[in-house]
Amino acid sequence: MFLSHNLGRYPRTVGWACGYALALAIAAAIFLVTLQLKLQETDAGHARVLRDMQAVQTDVSLLLGELNQGQLPECTPENLNRLRSLLFGHRHARGIGLLDAQKRLFCTTEMGLLQTPYTPKEKGIDGSIGRYYRSTPLPLAYGTVITTMVERGPFQVAMEPNATLDAFRQHTDAVWAGRPSQRTQIFHGPRSALTDKPLNPDAPHLRLDWRQAVLLVTTTAPGVSPVSVQSVLQLPDLYRDHLAVLAGALALCALLGYLVSDAVARRCRHFQSIDHRIHYLCQPANVVCHYQPILELASGRTVGCEVLARLHDGAQLVYPDQFIPALVKQGLAWSFDAAVSAHALQELGAALPAQTDFKVALNFFPQNLQRDAIDTHLRAAVQATGRSDLQIELEVTEYNFSPEIVPELRRLKADGYFISIDDFGTGYSNLGMVKRVAPDFLKIDKSFVFEMEDATLRSSLIPEIIAIAKAVDSQVVAEGIETAAQASQLRALGVQYGQGYHFAKPMPLAEFLRYLETHSPQG
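In the numbering used here, the protein residues as written are 622 to 1144.
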């Protein structure tokens, strides 16, 4: 068993590791090629943005040179006409403004003399061709537009607002300009929130932001006022433009991974299955018991615990929903129930201090609820502990509650075992059948408790369950209590006992003993 268990684990792992290693290597190579193509595309877009900005800057610089070399800042009709004629030779200039001695804009080629001279509210950005003022209101005949003004000497030139906008929108997510002390963001793209703030001129060309899971691509044009362009690359950006290539790559990787691993894993797949390993896992040495406290809701004292089984599989724990189907299929239900109950009673008997009426709730498969077999087994297990203060409670789910097991449950109850119907409310047992057994406890299924605070139709059935319990002289245990509000509501409804994560999760013996030190049962 040990050899087949390891053959079932390691050959398949090695086989798939080899297959996946090859597949991942090819996938990584294709990913890198795709990334390189996207980076080249992004760099080309940045280059276009910087070229467009340079073209605008060159055009405006030439106009400012012409103005400062041969024109006067006079707001006369003749001078304004001369200035307007200069605009025809510069496609990226929208208008010309004249400044007075206090550096106030008092006249424009569009509006002529302004009623009130305008003083920029911002300090501006020093550039190689002059001082830039962003978001400057420019009065026009049909209204005011917000544009960027470049100032040199007594003149300002309004830059065409849309000269670079298309390139910005198409190729970048953020554009910053200015020397380090004046860095200003001059464009905000849709993903600007993911970019660096501020974007410094010395930012690396590529930077992976793990926190936001993005790749930041930055291009900086040096100068008196460095311009930095940054784009955000996310994983969807790669496959959006290269979907066919990536789809083919994934298909190739999957095929190669399967071919390499299948030869090794075909036979070992059965060895690794739970159906094959369940005999090994169900050995007593692999049985692990966890204990979930059951509390009296009125006083908060611990009155017992429910035993919940897990199986050791190396360093991992296997939970019931994973192994029970295989266990039943292999006919190991009784060996499992016997191993769990013996292990739990041995652990609790050796570790628990003396108790009074401390109940240990054990779950048995319905086909194992045979009085003679259970009584013989449990009496021997209890006798081995040397204890007489542990009361055993046998749980059977309502879903598995059938007329065939009623006589067995009645005999077990007559032998002194407590009988509990688990997950009550989820099955189809009738009141007559329940009365015949006269169980000691009805356990309300956690699904009813979970919906209490929402006052759903399902949770409204809890009083009916309590009424049934009273009718058959049973006490009520509520499962799955997760909040103090649920515990309070259940207590007010007359539920005597409860268990759930609000009090404690199922825990190994050592943790359970520490829990009991602070939540001592009645001694």
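Don't be surprised by glycine CBs; every beta carbon is placed ideally from N, CA and C.
Just verifying my parser: in three-state terms, what is the DSSP assignment at residue i?
{"i": "Leu693", "result": "coil"}
{"i": "Glu1138", "result": "helix"}
{"i": "Tyr739", "result": "strand"}
{"i": "Thr839", "result": "strand"}
{"i": "Gln988", "result": "helix"}
{"i": "Gly716", "result": "strand"}
{"i": "Tyr860", "result": "helix"}
{"i": "Thr785", "result": "coil"}
{"i": "Gly640", "result": "helix"}
{"i": "His809", "result": "strand"}
{"i": "Ala1092", "result": "helix"}
{"i": "Gly1144", "result": "Its pLDDT being 45, under 50, Gly1144 is placed unreliably in this model, and the coordinates cannot settle the point."}
{"i": "Ser625", "result": "Residue confidence is low: Ser625 scores 47 on pLDDT, short of 50, so the model does not pin down where it sits. Its coordinate-derived value is still stated next. Three-state result, Ser625: helix."}
{"i": "Ala650", "result": "helix"}
{"i": "Asp958", "result": "helix"}
{"i": "Ser706", "result": "helix"}
{"i": "Asp1153", "result": "Residue coverage of the chain in this structure runs from 622 to 1144, which leaves residue 1153 outside it and unanswerable."}
{"i": "Asp664", "result": "helix"}
{"i": "Asp830", "result": "strand"}
{"i": "Leu973", "result": "coil"}
{"i": "Thr730", "result": "coil"}
{"i": "Ser894", "result": "coil"}
{"i": "Gly1007", "result": "coil"}
{"i": "Leu948", "result": "helix"}
{"i": "Leu953", "result": "coil"}
{"i": "His711", "result": "coil"}
{"i": "Gly844", "result": "coil"}
{"i": "Leu1081", "result": "The identity of residue 1081 in the sequence shown is Ser, whereas the question assumes Leu. Helix, per DSSP."}
{"i": "Lys1056", "result": "helix"}
{"i": "Cys903", "result": "coil"}
In the DSSP output, which residue or residues are listed as bridge partners for residue i?
{"i": "Lys1126", "result": "Lys1126 pairs with nothing; no bridge assigned."}
{"i": "Phe1039", "result": "Glu1014"}
{"i": "Lys980", "result": "Gly925, Gln1012"}
{"i": "Ile1065", "result": "Phe1045, Ala1099"}
{"i": "Gln937", "result": "Asp934"}
{"i": "Trp797", "result": "Gln806, Ser849"}
{"i": "Gln777", "result": "Gly718, Glu772"}
{"i": "Pro914", "result": "Cys926"}
{"i": "Leu820", "result": "Its beta-bridge partners do not exist; DSSP assigns none."}
{"i": "Arg752", "result": "Asp747, Glu772"}
{"i": "Tyr1118", "result": "Glu917, Val1098"}
{"i": "Val908", "result": "Leu932"}
{"i": "Leu854", "result": "Leu836"}
Classify residue i: buried if its beta carbon has 16 or more other beta carbons within 10 angstroms, exposed otherwise.
{"i": "Val850", "result": "buried"}
{"i": "Met622", "result": "Its pLDDT being 47, under 50, Met622 is placed unreliably in this model, and the value from its coordinates should be taken loosely. That one is exposed."}
{"i": "Val654", "result": "exposed"}
{"i": "Glu731", "result": "buried"}
{"i": "Ile1083", "result": "buried"}
{"i": "Leu856", "result": "exposed"}
{"i": "Leu624", "result": "In this predicted model, Leu624 has a pLDDT of only 42, less than 50, meaning its place in the structure is not dependable enough to derive any value."}
{"i": "Trp831", "result": "exposed"}
{"i": "Tyr753", "result": "buried"}
{"i": "Ser802", "result": "exposed"}
{"i": "Leu837", "result": "buried"}
{"i": "Arg828", "result": "exposed"}
{"i": "Asn984", "result": "buried"}
{"i": "Leu786", "result": "exposed"}
{"i": "Gly748", "result": "buried"}
{"i": "Val845", "result": "exposed"}
{"i": "Ser852", "result": "buried"}
Please look up how many angstroms separate the CB atoms of residue i and residue j, rounded, as I've assumed it's under 8 Å.
{"i": "Ile1042", "j": "Val1070", "result": "Actually they are not in contact, since the Cβ atoms of Ile1042 and Val1070 sit about 16 Å apart, beyond 8 Å."}
{"i": "Thr793", "j": "His711", "result": "So it is not a contact: roughly 25 Å between Cβ atoms."}
{"i": "Ser962", "j": "Leu999", "result": "7 Å"}
{"i": "Asp721", "j": "Pro698", "result": "Actually they do not touch by this definition, with Cβ atoms about 18 Å apart."}
{"i": "Asp1061", "j": "Ser1095", "result": "6 Å"}
{"i": "Arg773", "j": "Ile750", "result": "7 Å"}
{"i": "Asp664", "j": "Thr816", "result": "Actually they are not in contact, since the Cβ atoms of Asp664 and Thr816 sit about 16 Å apart, beyond 8 Å."}
{"i": "Lys1056", "j": "Glu1100", "result": "Not a contact, Cβ separation roughly 22 Å."}
{"i": "Gln1117", "j": "Leu871", "result": "Between Leu871 and Gln1117 the Cβ distance is about 58 Å, and since that is not below 8 Å, they are no contact."}
{"i": "Pro760", "j": "Thr740", "result": "Rounded, the Cβ-Cβ distance is 14 Å, inconsistent with contact."}
{"i": "Phe1039", "j": "Lys980", "result": "6 Å"}
{"i": "Ile596", "j": "Gly1115", "result": "Outside the displayed span of the chain (622 to 1144) sits residue 596, for which this structure offers no information."}
Does any heavy atom of the ligand HEM sit closer than 7 Å to the C-beta of residue i?
{"i": "Gly691", "result": "Questions concerning the ligand HEM fall outside what the structure shown contains, since it holds no ligand whatsoever."}
Check whether chain B comes within 8 Å of residue i, counting only Cβ atoms and requiring the distance to be less than that.
{"i": "Asn989", "result": "No chain B is part of this structure, which consists of one protein chain only."}
Given 8 Å as the limit, is there contact between the segment 662-681 and the segment 692-709, that is, 3 or more CB pairs closer than that?
no
Does the segment 958-972 touch the segment 988-1007, meaning 3 or more C-beta pairs lie closer than 8 Å?
yes
Say whether the segment 1120-1132 touches the segment 904-917, bearing in mind that this needs 3 or more beta-carbon pairs closer than 8 Å, one atom from each stretch.
yes
Tell me, please, whether the segment 946-958 touches the segment 981-995 by the rule of three or more beta-carbon pairs shorter than 8 Å.
Taking 8 Å as the limit for Cβ pairs, the verdict is that the segment 981-995 does touch the segment 946-958.
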